[in-house]
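Residue numbers (my numbering): 4 to 236.
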């Protein structure tokens with residue numbers, strides 16, 4: 004068990020964010036869970052979880068960053084066509100605000116989500132490459148800019164590059180390699196991504212790098228049929 008830390012989790016109510024919060028608390032950490040707006044039906048915060056609101060695009064993030072040991076950003080944009088065509092500047096303006104707030108408050112460790120598809124489109128079934136990837140072009144461009152912002156900063160950052168995310172239980176059995184997921188893999192479980200991001204915070208590994216994480220899954224979970232079903236959900 005790592006020494007307990009206070010971790011700010013941005014995007015704490017998203018699929019990956021909820022996993023980060025749950026796993027962090029289970030590992031003995033205190034979590035400051037941040038969302039732009041908490042829905043009325045959000046479950047109670049629970050033990051060792053402090054719930055705050057923070058709009059990374061518009062707000063002064065100093066108060067939510069103040070006093071934490073590390074920041075994990077699990078921010079993401081909705082997957083509806085209108086948002087993908089004109090995504091908010093979550094990864095660009097938002098990242099600049101996160102970096103500025105951390106620098107001002109003396110917080111140095113940041114682990115954030117990027118994507119392997121920032122650097123390659125040659126992964127997954129043909130239908131995924133010809134439909135999902137083009138739809139994500141603007142978001143992926145923002146993620147690329149985000150990585151450049153991080154490289155230009157003096158922070159101790161890690162930008163994790165998962166594959167196509169999958170809402171299945173934690174395994175802890177995944178592959179981590181530099182920069183881009185292997186050619187024969189495509190999927191990354193949200194829970195495994197959260198697990199690895201916490202490991203990066205606890206260990207300090209992969210500083211100022213872009214590790215890629217993925218896992219071999221069944222043909223059913225990696226099929227073109229599954230792609231279409233998830234895209235239309």
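We put the CB at the ideal spot given by N, CA and C, even for glycine.
| said: So, at 6 angstroms on beta carbons, what are the nonlocal neighbours of residue 95 in its own chain, with the 5 sequence-adjacent residues on each side left out? | reply: Here the question's residue 95 lines up with position 92 in the chain shown. Result list for residue 95: 145 and 148, in chain order.
| field | Whether residue 73 touches residue 38 by CB criterion (7 angstroms) | value | Here residue 73 refers to the residue found at position 70 when the chain shown is read from its first residue. Here residue 38 refers to the residue found at position 35 when the chain shown is read from its first residue. No, the Cβ-Cβ distance between residue 73 and residue 38 is not below 7 angstroms.
| In this structure, does DSSP put residue 115 in helix, strand or coil? | The residue you call residue 115 lines up with position 112 of the chain shown. The answer is strand: DSSP assigns residue 115 an E or B state.
| How about residue 164 and residue 111: are their beta carbons less than 7 angstroms apart? | Against the chain shown, residue 164 aligns to sequence position 161. Against the chain shown, residue 111 aligns to sequence position 108. Going by C-beta atoms, residue 164 is not nearer than 7 angstroms to residue 111.
| said: Using the Cβ count rule (16 or more neighbours within 10 Å means buried), how would you classify residue 5? | reply: What you label residue 5 is simply residue 2 of the chain shown in a count that begins at 1. That one is exposed.
| task | Starting from residue 1, trace the alpha helix (DSSP H) both ways and give me its first and last residue. | result | With the chain running from 4 to 236 in the structure shown, residue 1 is simply not present.
| said: Check for me: the beta strand (DSSP E) holding residue 198 runs from which residue to which? | reply: The residue you call residue 198 lines up with position 195 of the chain shown. Segment 193-206 is the alpha helix (DSSP H) holding residue 198; no beta strand (DSSP E) there.
| What separation, rounded to the nearest whole angstrom, lies between the Cα atoms of residue 41 and residue 53? | Here residue 41 refers to the residue found at position 38 of the chain shown. Here residue 53 refers to the residue found at position 50 of the chain shown. Whole-angstrom Cα-Cα distance: 12 angstroms.
| field | Contact set for residue 64: own chain, Cβ-Cβ below 7 angstroms, skip 5 residues either direction | value | On the chain shown, position 61 is the one that residue 64 refers to. The answer, listed in chain order, is 57, 100, 101 and 104.
| query | By DSSP, does residue 218 sit in helix, in strand, or in coil? | reply | Residue mapping note: residue 218 aligns to position 215 of the chain shown, counting from 1. Residue 218 falls in the strand class under three-state DSSP.
| query | Beta carbon of residue 215, beta carbon of residue 156: below 7 angstroms? | reply | Sequence index remark: in the chain shown, residue 215 carries index 212 (1-based). Sequence index remark: in the chain shown, residue 156 carries index 153 (1-based). Against a cut-off of 7 angstroms, the Cβ pair of residue 156 and residue 215 comes out as no contact.
| query | Closest by CA to residue 109, which one among 159, 87, 81 and 190? | reply | As a position in the chain shown, residue 109 is number 106, starting the count at 1. Closest by alpha carbon: 159.
| Within this structure, are the beta carbons of residue 122 and residue 68 separated by less than 7 angstroms? | By 1-based counting over the chain shown, the position of residue 122 is 119. By 1-based counting over the chain shown, the position of residue 68 is 65. Going by C-beta atoms, residue 122 is not nearer than 7 angstroms to residue 68.
| Spatial distance of residue 173 from residue 193 (CA atoms) | Translated into the one-based positions of the chain shown, residue 173 becomes position 170. Translated into the one-based positions of the chain shown, residue 193 becomes position 190. C-alpha separation (whole angstroms): 8 angstroms.
| request: State the Cα-Cα distance for the pair residue 161 and residue 217, rounded to the nearest angstrom. | output: Taking the chain shown and counting its residues from 1, one reaches residue 161 at position 158. Taking the chain shown and counting its residues from 1, one reaches residue 217 at position 214. Their backbone Cα atoms lie some 16 angstroms apart in a straight line.
| field | Where residue 158 sits in the DSSP three-state scheme | value | Within the chain shown, the letter at position 155 stands for residue 158. It is coil, neither helix nor strand.
| task | Output the distance between the C-alpha atoms of residue 153 and residue 211, rounded to the nearest integer angstrom. | result | By one-based count along the chain shown, residue 153 stands at place 150. By one-based count along the chain shown, residue 211 stands at place 208. Whole-angstrom Cα-Cα distance: 8 angstroms.
| task | Output the boundary residues of the beta strand (DSSP E) element that contains residue 35. | result | Within the chain shown, numbered from 1, the residue matching residue 35 stands at position 32. Residue 35 -> beta strand (DSSP E) spans 33-38.
| Pair within 7 angstroms by beta-carbon distance, residue 26 and residue 201 | Your numbering for residue 26 matches position 23 in the chain shown. Your numbering for residue 201 matches position 198 in the chain shown. Going by C-beta atoms, residue 26 is nearer than 7 angstroms to residue 201.
| field | Sequence-distant residues of its chain with Cβ nearer than 8 angstroms to residue 141 (five each side left out) | value | As a position in the chain shown, residue 141 is number 138, starting the count at 1. Here the set comprises 87, 88, 89 and 90.
| Near residue 139, which residues of its chain fall below 7 angstroms by C-beta distance, leaving aside the five closest residues on each side in sequence? | For the purposes of this step, residue 139 is taken as the residue at position 136 of the chain shown. Here the set comprises 87 and 120.
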